Each structure stands twice: as structure tokens, then as C-alpha cells.
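Participant:
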Amino acid sequence: MRKLTAALTLTFVPLLALGCSTSSGSGSVSKSDVQSKVSSFYKDKAHENAKSVSCDGDLPAKVDATQNCTATAADGQTWAVTTKVTKVDGKDVYYDINLTDDFVAPDDVASSVSNFYQQQVGSAPQSSTCNGLLRGATGSSIRCVVTEADGTRWGVTAKTTNVEGTKVNYDMIRDDQPMP
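Numbering (mature numbering (1 follows the signal peptide of the UniProt record, and there is no 0)), first residue to last: -19 to -1, 1 to 161.
1. Consult DSSP for residue 169 and reduce its assignment to one of helix, strand or coil.
2. How about Cys125 and Val137: are their beta carbons less than 8 Å apart?
3. What is the rounded straight-line gap between the Cα of Asp131 and the Cα of Gln158?
4. Restricting to runs no shorter than 4 residues, where is the alpha helix (DSSP H) found entirely within the segment 56 to 113?
5. Take Arg134 and list the residues in its own chain whose beta-carbon comes closer than 8 Å to its own, dropping the five residues that flank it on each side.
6. For Lys140, name the three-state secondary structure that DSSP assigns.
7. Considering only the alpha carbon of each residue, which of Asn112, Asp83, Ala139, Asp152 lies closest to Gly146?
8. Evaluate Ala27 with the Cβ neighbour count: other Cβ atoms within 10 Å of its Cβ, from every protein chain shown; 16 or more gives buried, anything less gives exposed.
9. The alpha helix (DSSP H) spanning Asp14 covers which residue range?
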């Protein structure tokens, strides 16, 4: 089989937020509660569990208070995450969680991979999935899997070639052989 390649451009999501709330009787949201919410947030965005999440400490129950966290992906990449209190209502603390690193979401990459595959092979795949976030930095990559109608699975690597403003340019390379 020949190696199929293509160059595509996607716009990255520079800041993605999730609103959370929790009850706090101590004047802060505990470090473990923040880490748990960040872990869930990362899984929702990356379609994979974080290997680990660490935060600097508790999140004070004060509007505009922030806490820095780091989510470590399954592949070892680290992602900066910031939490920021948006509202305090009695014992209820509302806060946003933001990935501060630039990335392309796995669903967006998977859609591009599916289109690329259809253009190269001539038929639409049964499915295309990617796990992990494609960092908006030259040289970053994620792996995707394309499943053909007959069940044959192919690995595809999406690799960032350069970033122009809010656009991430990346190449896609299909493996030479189908996956076992």
C-alpha cells in the first residue's frame, strides 16, 4: 500500500470553557474537587482520560480567584488548565475551567481525516475517530483510526506543520498497512 498524505487547515479553539458549581462551607473549593472537575473536563474535550491532573491548591471562593492546573494526557503531553471563580452565592461557588493551550478538538480532526480518506480512496469510511487534542504547535501530532465499511482499520497520523494566527495547518499520513 502507498502512504496517503494530505495537508489541511483547521481553526483551533484558543479557549474552551466549562462552567462548574459546587457547595463549599470552608471558603474555598478543595484541590481534590477542582482536580476531579478538571479531569472530567479534559475527558470531555480530548475523548480520553487524563493520565493525571494536578492543581496548585484550593480554589478560593472569591469572584475572579484563579487556580492553575495541569492535565497530563495519556501520551505524556501536558496541558495548562485554569479555573476562575465567576460567582459566589452563599456556599455555592461557580467557576469556569479553561484549557489555555491552543488545540484542535479530536472531533474536528476526525472529520477532516474522514474527508481526506474519502478523497484519497474514493469511498467514505464507516467511521473515523481520534483521541487526544492536537496541539496548535509545529510538530505536535495525534493518532486517528479510520474504519472502512468492511471493518478494515487504518491508522492515520495528524501532525501540525505550522500555525498561522488561529489556523493550525497539519498533514495527515495513513499507515502503510492496515491495523491488526
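Backbone N, C-alpha and C define an ideal beta-carbon position, used for all residues, glycine too. As the structure is a prediction and not an experimental result, all values here were calculated from the model.
Facilitator: This is what the structure gives:
1. The first residue shown for the chain is -19 and the last is 161, placing residue 169 beyond what the model contains.
2. yes
3. 15 Å
4. 87 to 102
5. Val126, Val127, Thr128, Pro159, Met160
6. strand
7. Asp83
8. buried
9. It spans 12 to 27 - the alpha helix (DSSP H) in which Asp14 sits, taken as one unbroken run.
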